[in-house]
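In what follows, a structure is listed as structure tokens, so that the remarks can point back to it.
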Amino acid sequence: MPSVYVLILNYLTYSETIRYVAELKRQQGISLSILVVDNCSPNNAYAALQEAFNSDPAVDLIRTHRNGGYAFGNNAGLRRLSGKPFDYLLISNNDIRLDDEQLILRLVEAYRELPSAGFAAPRMMVGGVEDRKHEAWKLPRFRDDLLASLRTLYTLADLAGMTNRYRFPDRDHGARQVDCLNGSFFLGSREVFRLMGPMDENTFLYGEESIMGQKIKALGLKNYLVRSLRFHHDLGGTTRKIKSVARLQRYWLESAVYYQKTYNGMGPAGAAMLRFLYWCWTAETRLWHLFIGQKNKTRRQHLTPGLSAYTKEKKV
């Protein structure tokens, strides 16, 4: 029976973590241990998690001294696990749902058969549909981040097949080699995590998966999307609750600039271009929300007469 540690990063949404831990405990065929890292939540999350897990021998709980982002929080967990005996480590968000009680076992079994495996993950389902955009992608070139800077640019590039996203056929249920996997749910052996070393903490949010893809490639290993398996993700569940859209985009910009400078050798002109496109994105987003707001207003006005008549009829 393989021993698997699940490392869950918590920020604010402790009720989701408590729910998810209960769901993980229904997984069969593995020896399961869980480490929850509270990333210095400013609410009462840590106290609530202590109350929920203090008497649970299968769950370890720690808290970081500050919220340093995804890589920072996971590195705290990796340090905690140093020296502990286990075969595989699964890094997971807390906004995950599993509809297969043997999913982790099946993922481990698939992983064991993969040549030169670095990390592996199932297909990612969002709202019942496979999220092809976010589940896996090729290592981003400068052009890819330019195209991703604006909604309009990305939409046109996607229609032309020019993005760095994979296009696997719907009926493809094999294990496919990919450069980068979504950081919300992925598994690797203890040895792979040791070889990779700590995550790069110079990004707060976004870009971490691309950096891990670079490290896995440098080790001569391969990442895989196991398309015969799936998990469900409430994509951005935490970020939607705590960050404005503009701040999230700012995090993306800073991560893209850092990644392209550090791993692709981008110069100052490229950084300036990405920052310029951020301000273009700001204008584009305002126009988009204005259009959507006006569209919704028109729709409400169109529906109001019928709704008013219905209400009067009910009162009579």
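According to the numbering used here, the sequence shown is numbered sequentially starting from 249. Ideal Cβ positions, reconstructed from N, Cα and C, are used throughout, including at glycine. Bear in mind that the values here come from a model prediction, so they are computed numbers and not experimental data.
| request: Out of 322, 435, 408 and 303, state which residue places its alpha-carbon closest to the alpha-carbon of residue 368. | output: 435
| Just checking, does the segment 317–337 make contact with the segment 289–302 on the three C-beta pairs under 8 Å criterion? | No, they do not touch.
| query | When DSSP labels each residue in this structure, what does residue 370 get in the three-state scheme? | reply | strand
| request: Give the DSSP-derived three-state secondary structure of residue 428 in the structure shown. | output: strand
| Buried versus exposed, by CB contacts within 10 Å (16 or more), residue 405 | buried
| Shortest alpha-carbon distance to residue 371 belongs to which of 430, 359, 393 and 342? | 430
| query | Per DSSP, which one or two residues make a beta bridge with residue 311? | reply | 286
| Whether residue 412 touches residue 386 by CB criterion (8 Å) | yes
| query | Rounded to a whole number of angstroms, what is the C-alpha to C-alpha distance between residue 439 and residue 532? | reply | Using only the alpha carbons, I get a separation of about 45 Å.
| query | If you measure from the CB of residue 493, is any heavy atom of the ligand SAM nearer than 7 Å? | reply | Judged by which ligands are present, the structure shown has none, so any question about the ligand SAM falls away.
| query | For the candidate residues 260, 424, 296 and 397, whose alpha-carbon lies nearest to that of residue 519? | reply | 397
| Residue nearest to residue 523 in terms of C-alpha spacing, selected from 460, 409, 419 and 394 | 394
| query | Does the beta-carbon of residue 475 have 16 or more other beta-carbons within 10 angstroms, so that it is buried, or is it exposed? | reply | Buried, because 16 or more other Cβ atoms sit within 10 Å of the Cβ of residue 475.
| field | Start-to-end residues for the alpha helix (DSSP H) that takes in residue 465 | value | Residue 465 -> alpha helix (DSSP H) spans 456–466.
| Pick from 280, 433 and 263 that is closest to residue 471, judged by C-alpha positions | 433
| Which of helix, strand or coil does DSSP assign to residue 548? | Low confidence applies here, because residue 548 scores a pLDDT of 49, under 50, leaving its location unreliable and the question unanswered by this model.
| Around the C-beta of residue 562, are 16 or more other C-beta atoms found within 10 angstroms, so that it is buried, or is it exposed? | Low confidence applies to residue 562: its pLDDT is 37, below 50, so where it sits in the model is not reliable enough to give any reading.
| request: Consult DSSP for residue 322 and reduce its assignment to one of helix, strand or coil. | output: When secondary structure is reduced to three states using DSSP, residue 322 falls in the helix class.
| What residue does the beta strand (DSSP E) around residue 437 start on, and which one ends it? | 433–437
| task | Go through its chain and collect everything with a Cβ distance to residue 256's Cβ below 8 Å, but skip five positions before and after it. | result | 265, 268, 269, 282, 283, 284, 285, 340, 341 and 342
| From this set, 510, 505 and 534, which residue's C-alpha is nearest residue 521's C-alpha? | 505
| Rounded C-alpha distance that separates residue 244 from residue 290 | This structure gives no information on residue 244, because the portion of the chain shown stretches from 249 to 564.
| request: Give the secondary structure of residue 477 by DSSP, where H, G and I count as helix, E and B as strand, and everything else as coil. | output: strand
| query | Should residue 312 and residue 288 be called a contact, given that it needs their Cβ atoms to be closer than 8 Å? | reply | yes
| residue 508 versus residue 414: straight-line alpha-carbon distance, rounded | 20 Å
| said: Beta-carbon within less than 7 Å of residue 249's beta-carbon, same chain only, minus the 5 sequence neighbours each way: which residues are those? | reply: 277, 278 and 279
| task | Take residue 632 as the anchor and find which of 480, 464 and 306 has the nearest alpha-carbon. | result | Outside the modelled stretch of the chain, which goes from 249 to 564, sits residue 632, for which no answer is possible.
| request: Confirm, please, whether the CB-CB distance from residue 324 to residue 456 is below 8 Å. | output: Between residue 456 and residue 324, the gap from beta carbon to beta carbon reaches 8 Å or more.
| task | Just the C-alpha distance for residue 352 and residue 528, rounded to the nearest angstrom, thanks. | result | 43 Å
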